[in-house]
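Below: the structure, in C-alpha cells.
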Amino acid sequence: MSRGFGDRLAAAMGEKGPLCVGIDPHPALLDAWGLPDTASSLTTFASTVLEACGRVAAALKPQVALFERHGSAGLAALEQLQRDAADAGVLVVADAKRGDIGSTMAAYADAWLGETSALGTDSVTLSPYLGFESLRPALDLADRNDRGTFVLALTSNPEGQTVQHVGGTSSVAASIIASARAENDQRQWEAMGPCGLVVGATVADALQKLEIDLSTFNGPILAPGFGAQGATAHDLYTVFAGIENQVLVNSSRGVLAAGPSTQGLRQAAEKARDELLNAR
C-alpha cells in the first residue's frame, strides 16, 4: 500500500526540516530578478527556485493566481514546475484556495488531485466557507489518490476575522479545525492524516481569544507568515506548541529576495531552515 500524503510529508520534514518555500512570481519580483513579466519568465523563475531549494525545503508552494494571470501559458509553466518537482521527488502544495459545491467542486478536485490531470499535484489549498462538507469531493479524491489538502482555518489577514472569529469560543475557525480532525480520524495513516489546515504564524492572540487548542490536531499545518511577514521562529513554536513536528512553515519573500542567484536562494533557504530547527 502506498503512503498517504501526510505520511510522505512527515518523512520529507523529518529528512529536510519544516521549511516550505513559496514560489510567488509577482511582477515586481520578476523585475528584481531581471525578468520580464511574461509566461516564459515564470518557467525560468520556478525552475530556479526548484533547483536552489528542492534539497532544502520539505515542499514548494506555487501561488497559483500568479501563474493564472498569464493565462494558458502561465498554467503550462505551473504544470511544468509540478512535473519537474515530481521528477525531483519534491512535494508541492498548489496554493489555489479552491472552494465550491457539487459538480463544480468535483471538477476542481479532479483538476488538482486527479491522477490523470495535467494540473494534478501532491496537495492543494481549499476554502471551506461554503461549508466544510462542500469540500467532500476533494477530501475523498485526495485520500483515494494518496494526495493532500490544506483547508483555510485561521489566517492572519485582518479581514479574515469577520468570518473566522464569528461565534467566539464556538467560532467558525474552531468548527473547521474540528471537522478536519474528524476527517483524518476516518482515514488510515501513521504520522499525519491527509487533511491539513492553513493557520497563520501570527495568530497566537486569536487562538487564545477563541479558546482554540491545536495540540490534538492530527494532520499537517501549513503556516504562512514566517520571516518577511513578521513571525519569528519563537512565535511559531509558541502558536504550535505540542505539534511542532506537524507544522510546514512557509517562507516566500524572505527566500525569494535572495534571487536570482541559485546560490543566494539556497543559502537563504538554509538560513531559514536552520533558524526553524534551532528554535525547537
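Residue numbers in the sequence shown follow the working numbering, run continuously in steps of one, and reach 282 at the last position.
Cβ atoms here follow ideal geometry from the backbone N, Cα and C, with glycine treated the same way.
By the neighbour-count criterion, in which 16 or more other beta carbons inside 10 Å mark a residue as buried, Glu277 falls on the buried side. Measuring C-alpha to C-alpha distances from Asp142 to each of Pro130, Leu154, Leu121 and Ala108 identifies Ala108 as the nearest. Nearest to Gly91 by C-alpha distance, out of Lys63, Arg57, Thr45 and Ala270, is Arg57. Spatial neighbours of Thr157 in its own chain (CB-CB distance under 6 Å, excluding positions within 5 residues in sequence) are listed in chain order as Gly202. When DSSP reads this structure, Ser4 sits in no beta bridge, so it has no partner. Contact check for Gln269 against Met194 fails: the beta carbons are separated by 7 Å or more. By the 16-neighbour rule on beta-carbons within 10 angstroms, Asn159 is exposed.
The Cβ-Cβ distance between Ala230 and Arg255 falls below 7 Å. Contact annotation: Glu81 and Thr264 have beta-carbon atoms that are not nearer than 7 Å. Counting C-beta pairs closer than 8 Å gives three or more between the stretch 180 to 187 and the stretch 218 to 226, which meets the contact rule.
Note: Gln65 is bridge-paired with Asp97 in the DSSP secondary-structure output. Within the stretch 79 to 140, complete alpha helix (DSSP H) segments of at least 4 residues are found at 104 to 115, given in chain order. The secondary-structure analysis by DSSP pairs Gly150 across a beta bridge with Ser125. Nearest neighbour of Thr106 by Cα position, chosen from Ala75, Ala140 and Gly6, turns out to be Ala140.
Taking 7 Å as the cut-off, the beta carbon of Gln65 is found closer than this to the beta carbon of Asp26. Counting along the chain, Asn252 sits inside the beta strand (DSSP E) bounded by residues Val249 to Ser253. Within the stretch 183 to 220, the beta strand (DSSP E) runs of at least 3 residues that lie entirely inside it are, in chain order, 197 to 201. Assignment of beta strand (DSSP E) within the stretch 30 to 64, counting only whole runs of 3 or more residues, yields 61 to 64 in chain order. Beta-bridge analysis with DSSP links Ile25 to Pro64. Annotation for Ala274: the continuous alpha helix (DSSP H) segment containing it runs Thr264 to Asn280.
Close CB contacts of Leu68 within its chain, under the 7 Å cut and outside five residues either way in sequence, are with Asp26, Pro27 and His28 (chain order).
Annotated three-state conformation of Ile245 is coil, per DSSP. Selection Val257, Glu192 and Ala281 evaluated against Phe47 yields Val257 as nearest (Cα-Cα). CA-CA distance, Glu272 to Glu192, rounds to 28 Å. Residue pairing by DSSP places Ala233 opposite Phe228 in a beta bridge. Assigned with DSSP and collapsed to three states, Ala176 falls in helix.
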